[in-house]
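Okay, structure first, notes after.
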Amino acid sequence: MELLERLGDALAKDVLEAAERLGDETIVDKVSSAVGASSTTLQEAFLTAVRIRRAEAHARRVLAELVARAEDGGTGD
30 MELLERLGDA LAKDVLEAAE RLGDETIVDK VSSAVGASST TLQEAFLTAV RIRRAEAHAR
90 RVLAELVARA EDGGTGD
């Protein structure tokens with residue numbers, strides 16, 4: 030399973046970077062469909078990694094915003 034997770038995460042990282050660079054979030058769905066046609070197992074690992082990476086990015090944005098507010102004298106709420 031380690032190989033599966035590594036491959037899914039590496040693909041997710043590359044696809045999310047391409048989607049951001051090109052401004053096209055549909056790339057995630059297109060790659061997911063292509064992967065799923067060959068391996069639903071890898072497709073699920075890929076989609077899980079996409080969700081995890083998106084959640085982490087969101088959490089980091091929230092954290093940065095909270096820290097910035099606190100440093101500016103806000104309450105951070």
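The sequence shown maps to residues 30 to 106 in our numbering. Just so you know, even glycine gets a beta-carbon here, dropped at the ideal spot from N, CA and C.
| message | I'd like the list of long-range same chain contacts for L76, defined as Cβ closer than 7 Å, with 5 residues on each side in sequence excluded. | response | The count along the sequence shown starts at 1 and reaches residue 76 at position 47. If we look at L76 and ignore the five residues flanking it on each side, its Cβ neighbours are S61.
| said: Among the candidates G37, L32, A97, M30, whose CA atom is the shortest distance from the CA of A74? | reply: Locating residue 74 in the sequence shown gives position 45, where the first residue counts as 1. Checking every option, the nearest Cα to that of A74 belongs to G37.
| task | Answer with yes or no whether the minimum CB distance from L33 to chain D is below 8 Å. | result | In summary, chain D is missing from the structure at hand, where a single protein chain is found.
| Who are the near neighbours of T70 in its chain, counting only those whose CB is closer than 7 Å to its CB and skipping five residues on each side? | For this step, residue 70 is matched to residue 41 along the sequence shown. For T70, where only same-chain residues beyond five positions count, the Cβ hits under 7 Å are L33.
| field | Through-space distance from A41 to V64, alpha-carbon basis | value | Counting from 1 along the sequence shown, the entry for residue 64 is found at position 35. Counting from 1 along the sequence shown, the entry for residue 41 is found at position 12. One C-alpha to the other measures close to 11 Å.
| said: Tell me the rounded alpha-carbon separation between A48 and D58. | reply: Looking up residue 48 in the sequence shown gives position 19. Looking up residue 58 in the sequence shown gives position 29. Answer to the nearest angstrom: the Cα atoms are 10 Å apart.
| said: If the criterion is Cβ atoms closer than 8 Å, does the pair L45 and R82 meet it? | reply: As a working mapping, residue 45 is identified with position 16 in the sequence shown. As a working mapping, residue 82 is identified with position 53 in the sequence shown. Yes, they are a contact pair.
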